[in-house]
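A.B. asks:
Protein chains: 2
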Amino acid sequence: MIRYSLRQLEYFVLAAGEGSVVKAAERLNVSQPSVSAAIGKLEDQLGVQLLIRHHAAGVSTTPAGAQVLSQARNLLQHANELQDLAASTSQEITGEVHLASFVTLAPLFLPGLIDGFAVDYPGSRVHIHEATQEHLIDGLRRGRFELALLYDVDLPEDIETVALTQLHPYVLLHATHPLLKHDDVSLKDLEDEPMILLDVAPSRTYFLGLMRAAGVEPDIAFSSPSMELVRGLVGKGHGYSLLATRPHGDVTYDGEPLGVRPIRGPVETGRIVLASLGKLRPTRLMQVLTAYCVQHFEDKRNQ
Amino acid sequence: MIRYSLRQLEYFVLAAGEGSVVKAAERLNVSQPSVSAAIGKLEDQLGVQLLIRHHAAGVSTTPAGAQVLSQARNLLQHANELQDLAASTSQEITGEVHLASFVTLAPLFLPGLIDGFAVDYPGSRVHIHEATQEHLIDGLRRGRFELALLYDVDLPEDIETVALTQLHPYVLLHATHPLLKHDDVSLKDLEDEPMILLDVAPSRTYFLGLMRAAGVEPDIAFSSPSMELVRGLVGKGHGYSLLATRPHGDVTYDGEPLGVRPIRGPVETGRIVLASLGKLRPTRLMQVLTAYCVQHFEDKRNQ
DNA sequence: TCTTTACATAGTCAAAAACTATTCAAATTG
DNA sequence: CAATTTGAATAGTTTTTGACTATGTAAAGA
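Line order of the protein sequences matches chains A and B.
Here the first sequence is numbered in the working numbering, starting from 1 and rising by one per residue.
Here the second sequence is numbered in the working numbering, starting from 1 and rising by one per residue.
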C-alpha cells in the first residue's frame with residue numbers, strides 16, 4: 001500500500017525546488033496553506049522530515065529530503081509519461097491497434113489493407129490476428145483486438161459493425177468439368193455431384209443455406225476447414241465446392257487447374273463487415289483504421 | 001499537472017491482474033463499488049477505456065489498457081521504492097548522514113570517529129564537512145548537514161546539543177622558551193610576550209576571555225585562522241599561543257619543535273558538543289551516530 | 001525598533017472516496 | 001430451459017480529504 005499521493009509529491013518537489021512554499025503555491029495556483037499542509041502530511045506519511053522551515057526565509061531540504069526529492073522528481077516524470085501514453089493511445093494517430101480477420105478473408109484482403117495504411121500512418125503499428133468467427137467475437141469481447149474483419153452472420157448484439165463489401169459466392173469445379181461449358185451454373189445442376197464443404201463457421205451454414213434455398217440436398221463427400229485443402233480436393237476431381245473468396249489464379253497448391261462459374265439466379269451474398277465491441281470506446285487510431293477500411297473497399301469497387 | 005492518483009492505479013493494476021473487480025476489492029480490503037468507481041474515474045481522466053466489463057465473468061484489459069497496465073505496474077514499483085527509501089532513511093541504520101565539524105576539531109577527532117562507525121554500520125555513509133562556527137550553525141539550519149561537532153559557545157536556542165568532552169587549553173611555546181622550565185605556566189607570566197592568536201570564532205573570543213579573566217591584556221603580534229600557521233609562527237619564536245586542541249607530536253609543519261605547558265590555576269575549559277537543529281526530527285542513523293559519538297568520547301576518557 | 005516576509009495553525013466548506021443496498025445481465029446449474 | 005449464481009454498475013449516504021480565508025508567529029531586513 002502506498003501511503004502518499006502524487007499531488008503531495010508535486011507540491012513538495014516544487015516547494016523544494018523554489019525554496020519557498022509561497023512561490024510553489026503561486027505556480028500551482030493553490031493557496032499557501034494547501035501546499036504547507038500537503039507537505040506536512042507527506043512527511044507524516046513517509047515518516048521523515050523533508051524540509052526545514054525558516055521564518056521569513058523560505059524552506060530548505062533536509063539531507064533525507066534531498067534524497068527523496070531526486071527520487072520524487074523521477075517518479076513524477078514517470079507519472080507524466082504514463083499520462084502521455086494514455087493520451088496518445090486515445091488521441092494521436094500513432095500507437096498500436098490489433099486487427100483480426102476471419103481466416104478465409106485474411107490472405108485476400110489484409111495485405112493490401114495494412115500495406116496502404118502503414119504508408120499513410122507511419123507512426124502506427126497494426127497487429128494482425130486470424131481466427132474463426134467464434135474466436136473473433138470472443139477476442140473482441142476479451143480485448144485481444146479492437147477490430148475484426150468478418151462475415152455479418154449471427155453476430156451478437158454487443159458487436160457493432162461497419163459494412164465493407166459483399167462477396168458473391170461461386171461454384172468451384174475442376175478444370176475439365178462439363179458444367180464449365182455454361183456461363184453460369186444452377187445449384188440444381190449440382191444435385192448429383194459430391195460436394196467438398198468448406199467447414200468453417202459461418203461459411204458452412206451459409207453454403208448449406210444456399211443449397212437448401214435452391215431446394216438441393218448436398219451430398220457432402222469431404223469437408224475441411226482449410227480452403228486450400230478444399231481447392232486441392234476439387235482440383236483432383238473429388239467433387240465441386242461453393243466458395244465466396246477467390247484467390248488470384250485458379251490453380252491449386254499442387255498445380256491442378258480449377259474452373260469457376262457464378263451461381264445462376266439470385267443468391268444471398270456474403271456481407272463483409274468490420275466489427276468492434278459496442279461497449280469499447282474507440283481510440284483515435286481505431287477510428288482512423290475503420291475509416292481507412294471503408295475507403296479502401298470503396299476504392300476497390302470503383303476501379 | 002497529473003490528473004490521476006496512485007490509488008486509482010493500484011486498483012486498476014490489481015483488478016486487471018486478477019481479471020476481477022471483486023477479487024481486487026477483497027485483496028485491497030475495500031468495497032467492490034470503490035474499486036469500480038476508481039477505475040471508471042481513472043478511465044475518464046486518462047481518456048482511454050482500460051477494461052472491458054463482462055457480466056458474471058470479470059473484466060479483461062483492452063489493448064490500450066494492456067499498454068497502460070505495464071507502465072502502471074512499473075510506476076507503482078517506483079512509487080514503492082520511494083516509500084521504502086523514505087522509511088529506511090528514518091528507520092533503518094543504513095543511508096547517508098552529513099556530519100560537520102569545527103575546523104580545528106576535525107583533524108583531531110573525526111578520523112577515529114568515522115573509522116569506528118564505518119566498521120559498526122557498514123550500510124551507512126558518513127559525509128564530512130569542515131566549517132567555522134558561523135557556517136556550522138547556518139549549515140545545520142539550511143539542512144546541509146544533520147550533525148555538527150563544535151564548541152558550546154554562543155549557540156542559538158534552536159540548536160540542540162549533546163555534551164561530548166571538554167578540552168583544557170594550554171600554552172604553546174617554542175622549544176627553547178625559558179617558561180618551559182616550569183611544570184605549568186601562569187597567564188600572568190605571558191604579559192610581556194607577543195601573542196600569536198588563533199583567529200577563528202569562537203576560539204578567538206574564548207582565548208582572549210581567558211587572558212582577560214587572568215587580568216592580562218595580550219599583545220597580539222600575529223593572528224591567523226589557521227592552526228598550523230599559528231604553530232609555525234610559534235615554532236619560529238614569534239611568540240606564544242593559547243590552544244585547546246593538540247595535534248600529536250609537538251612539531252610544526254616545517255619541523256620546528258614546540259613546547260606545551262598547562263595553564264596554572266582554574267581555567268574555563270572548552271566544551272565540545274554534538275549539535276543538531278532542534279526542529280529537525282532525527283533520523284534513525286542520526287540517533288545512532290549521536291549515541292556512537294557519546295560512547296566514543298566516553299571510551300577515550302576511560303583509557 | 002518597526003516593518004516585512006514567509007510559514008504554521010484554526011476554522012469552515014466543498015469535493016472525493018468510502019460504504020451499504022440494490023439493480024442488471026450473462027453464465028452456470030438442476 | 002427456468003432458476004440460481006456471479007460479477008459489475010448504480011443510487012444514496014457518510015466520512016475523509018483537501019482547499020479556502022483569516023490569523024498567528026518569529027526571523028529577516030530596513
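Don't be surprised by glycine CBs; every beta carbon is placed ideally from N, CA and C.
Quick caveat: nothing in here was measured; it's all calculated off a predicted structure.
1) In its own chain, which residues sit with a C-beta less than 8 Å from the C-beta of B:E10, not counting the 5 before and 5 after it?
2) In chain order, what residues of the stretch 57–84 of chain B put their CB closer than 8 Å to some CB of chain A?
3) Using only the alpha-carbon positions, how far apart do B:D219 and A:A66 sit?
4) Quick check on the DSSP output: the alpha helix (DSSP H) that includes A:F222 runs from which residue to which?
5) Within 10 angstroms of the Cβ of A:E217, are there 16 or more other Cβ atoms? Answer buried if so, exposed if not.
6) Mind checking the stretch 37–51 of chain B against chain A and listing, in chain order, the residues whose C-beta falls within less than 7 Å of any C-beta there?
7) With a Cβ-Cβ cutoff of 8 Å, do B:T132 and B:A24 count as a contact?
8) Could you tell me the boundaries of the alpha helix (DSSP H) in which B:Q133 lies?
9) What residues from chain A crowd round B:I328, counting only those whose CB sits closer than 8 Å?
10) Which bits of chain A does B:G90 rub up against, with CB to CB less than 9 Å?
11) Terminal residues of the continuous alpha helix (DSSP H) containing A:E10?
12) Where DSSP assigns a beta bridge to B:M195, which residues make up the other side?
13) For the 8 Å Cβ check, are there 3 or more pairs between the stretch 152–167 of chain B and the stretch 264–278 of chain B?
14) Can you find the residues in the same chain that come closer than 7 Å, C-beta to C-beta, to B:P156, ignoring five residues on each side of it along the sequence?
15) Just list the residues that DSSP pairs A:G116 with in beta bridges.
16) What residues from chain A crowd round B:A86, counting only those whose CB sits closer than 8 Å?
17) Taking DSSP as the reference, what is the three-state secondary structure of A:T205?
18) On the CB-based measure, 16 or more other CB atoms within 10 Å of its CB, does B:P63 come out buried or exposed?
19) Extract the residue ranges of the beta strand (DSSP E) inside the stretch 48–86 of chain A, only unbroken runs of 3 or more that lie entirely within it.
20) DSSP state of B:H248, grouped into three classes?
21) For A:E193, would you say it is in contact with chain B, using Cβ-to-Cβ distances shorter than 8 Å as the test?
22) Here's a check: name, in chain order, each residue in its chain whose Cβ is nearer than 6 Å to the Cβ of B:Y151, leaving out the five neighbours to either side.
23) According to DSSP, is A:R231 helix, strand or coil?
24) Check whether the Cβ atoms of B:Y4 and B:L51 lie closer than 8 Å to each other.
25) Can you give the beta carbon distance from B:A100 to B:H129, rounded, assuming they're within the 8 Å contact cut?
26) How would you list, in chain order, the residues of chain A whose beta-carbon sits under 9 Å from the beta-carbon of B:E18?
27) Could you pull the start and end residues of the alpha helix (DSSP H) that A:H174 belongs to?
28) Would you grab the beta carbon distance between B:I196 and B:F222 for me? Rounded to a whole angstrom, and I think it's under 8 Å.
29) I need the straight-line Cα distance from A:S34 to B:A86, nearest angstrom please.
30) Considering A:I39, what are the terminal residues of the alpha helix (DSSP H) in which it resides?
31) Can you tell me the Cα-Cα spacing of B:S347 and A:H127, whole angstroms?
32) Under 7 Å Cβ to Cβ from A:L229, same chain only, skipping five residues before and after it: list those, please.
33) Decide if A:S88 is buried, meaning its Cβ has at least 16 other Cβ atoms within 10 Å, or exposed.
34) According to the neighbour-count rule (16 or more other Cβ atoms, all chains shown, within 10 Å of its Cβ), is A:Q303 buried or exposed?
35) Taking DSSP as the reference, what is the three-state secondary structure of B:S101?
36) Does B:V260 pass the burial test, meaning 16 or more other C-beta atoms within 10 Å, or should it be called exposed?
C.D. replies: Quick answer:
1) Along the second sequence, read from residue 1 onward, the residue named residue 10 of chain B stands at position 10. Take B:E10, set aside five residues on each side of it, and the residues of its chain with a beta-carbon closer than 8 Å to its own are L28, L76, in chain order.
2) Cβ proximity to chain A below 8 Å picks out S60, T61, T62, P63, A64, G65, A66, Q67, V68, Q71, A72, N74, L75, L76, H78, A79, N80, E81, L82, Q83 from the stretch 57–84 of chain B.
3) For the purposes of this step, residue 219 of chain B is identified with residue 219 of the second sequence, where counting begins at 1. For the purposes of this step, residue 66 of chain A is identified with residue 66 of the first sequence, where counting begins at 1. If you take the alpha carbons of B:D219 and A:A66, they lie about 48 Å apart.
4) Here residue 222 of chain A corresponds to residue number 222 of the first sequence, with the count starting at 1. Not the alpha helix (DSSP H): A:F222 falls in the beta strand (DSSP E), residues 219–224.
5) Looking up residue 217 of chain A in the first sequence gives position 217. So A:E217 ends up on the exposed side.
6) Under the 7 Å Cβ criterion, the stretch 37–51 of chain B contributes L46, G47, V48, Q49.
7) Position 132 of the second sequence, counting from 1, holds the residue named residue 132 of chain B. Position 24 of the second sequence, counting from 1, holds the residue named residue 24 of chain B. Cβ distance not < 8 Å, so B:T132 and B:A24 don't count as in contact.
8) Reading the second sequence from its first residue, position 133 is the one you call residue 133 of chain B. 133–142 is the span of the alpha helix (DSSP H), which, as asked, contains B:Q133.
9) In the structure as shown, chain B begins at 1 and stops at 303. Residue 328 of chain B is therefore absent and cannot be evaluated.
10) The residue given as residue 90 of chain B occupies position 90 in the second sequence. The question names Gly, but residue 90 of chain B in the sequence shown is Ser. Simply L46, G47, V48, Q49, A64.
11) Translated into the one-based positions of the first sequence, residue 10 of chain A becomes position 10. For A:E10, the enclosing alpha helix (DSSP H) begins and ends at 6–18.
12) For the purposes of this step, residue 195 of chain B is taken as the residue at position 195 of the second sequence. For B:M195, the pairing in a beta bridge is given by DSSP as B:I220, B:Y240.
13) Contact annotation: the stretch 152–167 of chain B touches the stretch 264–278 of chain B, with at least three C-beta pairs closer than 8 Å.
14) Your numbering for residue 156 of chain B matches position 156 in the second sequence. Residues I137 of the same chain have their beta carbon placed closer than 7 Å to that of B:P156, with the five preceding and five following residues left out of the count.
15) Position 116 of the first sequence, counted from the first residue, corresponds to residue 116 of chain A. According to DSSP, A:G116 bridges with nothing at all.
16) Your numbering for residue 86 of chain B matches position 86 in the second sequence. From the beta-carbon of B:A86, the residues of chain A found nearer than 8 Å are L46, G47, V48, A64, V68.
17) Within the first sequence, the letter at position 205 stands for residue 205 of chain A. Three-state DSSP puts A:T205 in a helix.
18) Residue mapping note: residue 63 of chain B aligns to position 63 of the second sequence, counting from 1. Around the beta-carbon of B:P63, 16 or more other beta-carbon atoms lie within 10 Å, marking it buried.
19) With a minimum length of 3 residues, the unbroken runs of beta strand (DSSP E) contained wholly in the stretch 48–86 of chain A fall at 51–53, 59–61.
20) Translated into the one-based positions of the second sequence, residue 248 of chain B becomes position 248. For B:H248, the secondary structure class from DSSP, reduced to helix, strand or coil, is coil.
21) Walking along the first sequence from the start, residue 193 of chain A turns up at place 193. Nearest CB-CB separation between A:E193 and chain B: not below the 8 Å threshold.
22) Here residue 151 of chain B refers to the residue found at position 151 of the second sequence. Short of 6 Å from the beta carbon of B:Y151, and not among the five residues preceding or following it, lie these beta carbons of its own chain, in chain order: P202, G270.
23) By 1-based counting over the first sequence, the position of residue 231 of chain A is 231. Looking at A:R231 - three-state DSSP - the assignment turns out to be helix.
24) Indexing the second sequence from 1 puts residue 4 of chain B at position 4. Indexing the second sequence from 1 puts residue 51 of chain B at position 51. If you check the CB distance, B:Y4 and B:L51 do not come in under 8 Å.
25) The count along the second sequence starts at 1 and reaches residue 100 of chain B at position 100. The count along the second sequence starts at 1 and reaches residue 129 of chain B at position 129. Distance from B:A100 to B:H129 at the Cβ level is roughly 4 Å; contact confirmed, criterion being Cβ atoms closer than 8 Å.
26) Taking the first residue of the second sequence as position 1, residue 18 of chain B is located at position 18. Ordered by position in chain A, no residue passes the 9 Å Cβ test against B:E18, which lies about 15 Å from the chain.
27) To locate residue 174 of chain A, count along the first sequence from 1; it is residue 174. For A:H174, there is no enclosing alpha helix (DSSP H); the enclosing beta strand (DSSP E) has its first and last residue at 170–174.
28) Taking the second sequence and counting its residues from 1, one reaches residue 196 of chain B at position 196. Taking the second sequence and counting its residues from 1, one reaches residue 222 of chain B at position 222. Their Cβ separation, rounded to whole angstroms, is 5 Å, which keeps B:I196 and B:F222 in contact under 8 Å.
29) Translated into the one-based positions of the first sequence, residue 34 of chain A becomes position 34. Translated into the one-based positions of the second sequence, residue 86 of chain B becomes position 86. Approximately 22 Å between the Cα atoms of the pair.
30) In the first sequence, counting from the first residue as 1, residue 39 of chain A sits at position 39. It spans 32–46 - the alpha helix (DSSP H) in which A:I39 sits, taken as one unbroken run.
31) It is not possible to answer for residue 347 of chain B, since the shown part of chain B is limited to 1 through 303.
32) The sequence position of residue 229 of chain A within the first sequence is 229, counting from 1. Taking A:L229 as the centre and dropping the five residues before and after it, the same chain places no C-beta closer than 7 Å to its C-beta.
33) Residue mapping note: residue 88 of chain A aligns to position 88 of the first sequence, counting from 1. Answer is buried; the Cβ neighbour count reaches 16.
34) By 1-based counting over the first sequence, the position of residue 303 of chain A is 303. A:Q303 is exposed by the Cβ-count criterion.
35) Taking the second sequence and counting its residues from 1, the one referred to as residue 101 of chain B is at position 101. Residue state for B:S101 is assigned as strand, using DSSP reduced to three classes.
36) Residue 260 of chain B sits at position 260 when you count from the first residue of the second sequence. Flag for B:V260 reads exposed.
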